[in-house]
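Heads up: the structure comes next, in structure tokens.
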Amino acid sequence: MDAVRSALRDLGREAVFLDQRRNSSMRVRLKPSRRGDVNGSISSAGEVLNLGEIGSAYIRPIETRKAMPEPDVEGKALQHAIAVDTTLIAWSDLTSAQVVNRPSAMASNHSKPYQASLIRNLGFRTPRTLITTDPAAASQFVKSHACVVYKSISGVRSVVSRLSGSDPEALQDVANCPTQFQEYIDGHEVRVHVVGRTTISTKIDSAASDYRYAHLTDASVTMEPIAIDESLSAKCVKMASAMGLHLAGIDFRVSPSGDWYCLEVNPSPGFTFYEAATGQAIGRAVAELLCELAQENCGDGTPRNGSSG
Amino acid sequence: MIVILASGLDREARDLANSWKAYDARILTAEDLHRPGWAFRPDDGAQDGTCVVAGSVVGAKDIELALTCRPSVLPEELTSLHPEERQYVAAEMTAFLVAWLTSLTCPVFNRPTATSLCGPAWSVEHWRIQVVRCGGRWARTGADLRSACVIGDQCFNAPNDRLERVLRQLAIAANVRFLRALCNSESVVSVSSLPRCDTHQLRDAILRDAGLAP
Numbered sequence: 001m002d003a004v005r006s007a008l009r010d011l012g013r014e015a016v017f018l019d020q021r022r023n024s025s026m027r028v029r030l031k032p033s034r035r036g037d038v039n040g041s042i043s044s045a046g047e048v049l050n051l052g053e054i055g056s057a058y059i060r061p062i063e064t065r066k067a068m069p070e071p072d073v074e075g076k077a078l079q080h081a082i083a084v085d086t087t088l089i090a091w092s093d094l095t096s097a098q099v100v101n102r103p104s105a106m107a108s109n110h111s112k113p114y115q116a117s118l119i120r121n122l123g124f125r126t127p128r129t130l131i132t133t134d135p136a137a138a139s140q141f142v143k144s145h146a147c148v149v150y151k152s153i154s155g156v157r158s159v160v161s162r163l164s165g166s167d168p169e170a171l172q173d174v175a176n177c178p179t180q181f182q183e184y185i186d187g188h189e190v191r192v193h194v195v196g197r198t199t200i201s202t203k204i205d206s207a208a209s210d211y212r213y214a215h216l217t218d219a220s221v222t223m224e225p226i227a228i229d230e231s232l233s234a235k236c237v238k239m240a241s242a243m244g245l246h247l248a249g250i251d252f253r254v255s256p257s258g259d260w261y262c263l264e265v266n267p268s269p270g271f272t273f274y275e276a277a278t279g280q281a282i283g284r285a286v287a288e289l290l291c292e293l294a295q296e297n298c299g300d301g302t303p304r305n306g307s308s309g
Numbered sequence: 001m002i003v004i005l006a007s008g009l010d011r012e013a014r015d016l017a018n019s020w021k022a023y024d025a026r027i028l029t030a031e032d033l034h035r036p037g038w039a040f041r042p043d044d045g046a047q048d049g050t051c052v053v054a055g056s057v058v059g060a061k062d063i064e065l066a067l068t069c070r071p072s073v074l075p076e077e078l079t080s081l082h083p084e085e086r087q088y089v090a091a092e093m094t095a096f097l098v099a100w101l102t103s104l105t106c107p108v109f110n111r112p113t114a115t116s117l118c119g120p121a122w123s124v125e126h127w128r129i130q131v132v133r134c135g136g137r138w139a140r141t142g143a144d145l146r147s148a149c150v151i152g153d154q155c156f157n158a159p160n161d162r163l164e165r166v167l168r169q170l171a172i173a174a175n176v177r178f179l180r181a182l183c184n185s186e187s188v189v190s191v192s193s194l195p196r197c198d199t200h201q202l203r204d205a206i207l208r209d210a211g212l213a214p
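In the order they appear, the protein sequences are chains X and D. Mapping of the first sequence onto our numbering: residues 1 to 309, in sequence order. Mapping of the second sequence onto our numbering: residues 1 to 214, in sequence order.
As structure tokens, then:
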């Protein structure tokens, strides 16, 4: 969020920042019309923002309770904060302003296998997968692949771990909860950030099963910018667009024979991790996209406000 | 077989299963999700896999209709698990069911979305705006309320033609085949996409829409 705000400042563009931590002092009113517009206002500390003036918005909401400052976490203040968030989520989904990204579009990775089915339908290869509560089925799947990872099905505790073949006893635990197993694709990872109609790609080499948590196992991670095929870039843009995403972080694993497997589409990518390692100007690209979307959204060509929060 | 996804404590779901005995209706509970027997290969689709319904392992291909009477699996239902694990496991089970129900080829009332096992997880504010967009009026409360229902192409018990048109439009906007709303003669007061079939008329309409009854 800071990276985008800073880039917007560098571009000399006006943006309003809505801080979730201050929800308890905000008032939001939505006024729907039969023509489909959703106008209204947000007021806070004596200032009023007319929602109809917003041309584009960048949103990264977190769970309301986690965003609240400590004294406000119970009672009426929390209820009010949740109501503000709920109303803003509804606005983000329904406004004619351009939103990066709409909450309904961001929801697909709450269920990884659900999202994987969308990914496959859009023409990408995904690793073979089994979700099971049956130890025998899990064992059979493990035997039929050289190496297998297990990962969460939901967006909670989303860490990928390699399965140790020497521990068949552990497979008995799958009876407690559906567990997702996936063939491990040897090779390296590529993160493709789709920003509007462009892509920014980063190659990642790491011995860790999940390079985002490589520090926990002292495994090294190296990242470098790479250029991907124009056709693959176009396919990534098309997939993000089909999922309703202006901004996406698409994770690929590339096998030694050059096959690309799509692992996941992150609809709210933490791109500063890649930006810091490679110097790729992703935040700047997001800021430029917000300006472009605000411009497109305004019929008379007059730039409207950007908003983030 | 008809599968009803509901809590084991849901009396209405039990009544529904009893009334559909002739169709081999069974309730799939949270307990079924921590029993051995589920095997879902998303690349192949749910039909080729197995599932656990009312304690028995069955082929997913035998399911002719799925009715989802819950938006998610709740941590509080998972009493046999350690309290610290319940929230995570409930999220995993819900995410699993989203993918599994999406993959079923039989009729599903309602198809899940990424955030709900049964239609969109819209807030009251979101429903209010959609009602207005569909040409209706919204009221926070009202007297003489009646429960109207859209099932597929049919609308039951709407107070008047205007509200019937609004509810049909609303079901299309929400992309659901089942929609229930409380209305007075002028306005919509609340909306839900969770199937509640408390009359023979509604139960028969679901069976007809699913192609299980003439």
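The beta-carbon is built from N, C-alpha and C at its ideal position, and this holds for glycine as well. Keep in mind the model is a prediction, meaning the values are calculated, not measured.
Check                                                                                                                                                                  : Outcome
What is the rounded straight-line gap between the Cα of CYS298 (chain X) and the Cα of GLU14 (chain X)?                                                                : 15 Å
Does the Cβ-Cβ distance between CYS106 (chain D) and GLU64 (chain D) come in under 8 Å?                                                                                : yes
Please report the straight-line C-alpha distance between ALA30 (chain D) and ASN266 (chain X), rounded to a whole angstrom.                                            : 29 Å
Which of helix, strand or coil does DSSP assign to PRO113 (chain X)?                                                                                                   : helix
Within this structure, are the beta carbons of ILE153 (chain X) and GLN115 (chain X) separated by less than 8 Å?                                                       : no
Would you identify the three-state DSSP class for TYR184 (chain X), choosing helix, strand or coil?                                                                    : coil
In angstroms, rounded to a whole number, what distance separates the CA positions of LEU18 (chain X) and LEU289 (chain X)?                                             : 19 Å
When you compare the CB positions of ILE4 (chain D) and ALA25 (chain D), do they come within less than 8 Å of one another, or not?                                     : yes
What residues from chain X crowd round GLY135 (chain D), counting only those whose CB sits closer than 9 Å?                                                            : ARG34
Does VAL38 (chain X) have its Cβ less than 8 Å from a Cβ in chain D?                                                                                                   : yes
Indicate whether at least one CB of chain X lies closer than 8 Å to the CB of ARG168 (chain D).                                                                        : no
Could you tell me the alpha carbon to alpha carbon distance between ALA90 (chain X) and ILE27 (chain D), rounded to whole angstroms?                                   : 33 Å
Identify the contact partners of PRO36 (chain D) in chain X, using a Cβ-Cβ distance below 7 Å as the criterion.                                                        : THR133, ASP134, PRO135 and ALA175
For a minimum of 4 consecutive residues, which ranges assigned as the alpha helix (DSSP H) are wholly contained in the region 9 to 58 of chain D?                      : 11 to 19
Which class does PHE109 (chain D) belong to by DSSP, given the choice of helix, strand or coil?                                                                        : strand
Output the boundary residues of the beta strand (DSSP E) element that contains LYS61 (chain D).                                                                        : LYS61 (chain D) -> no beta strand (DSSP E), and no H or E assigned at all.
Report the three-state DSSP secondary structure of GLY301 (chain X) (helix, strand or coil).                                                                           : The predicted position of GLY301 (chain X) is uncertain, since its pLDDT is 41 and thus under 50; a value taken from the coordinates is nonetheless stated next. Here GLY301 (chain X) sits in coil by DSSP.
Can you give the beta carbon distance from CYS134 (chain D) to LEU104 (chain D), rounded, assuming they're within the 8 Å contact cut?                                 : About 29 Å; that fails the 8 Å criterion.
What is the C-beta distance between LEU8 (chain X) and ALA287 (chain X), in whole angstroms, given that I count them as a contact (C-beta under 8 Å)?                  : 5 Å
Secondary structure at CYS236 (chain X), three-state DSSP: helix, strand or coil?                                                                                      : helix
May I ask you to list, following chain order, the residues of the region 259 to 275 of chain X that have a beta carbon less than 9 Å from some beta carbon of chain D? : none
Is the CB-CB distance between ALA90 (chain D) and VAL73 (chain D) below 8 Å?                                                                                           : yes
Please tell me whether ALA116 (chain X) has its Cβ less than 8 Å away from any Cβ of chain D.                                                                          : yes
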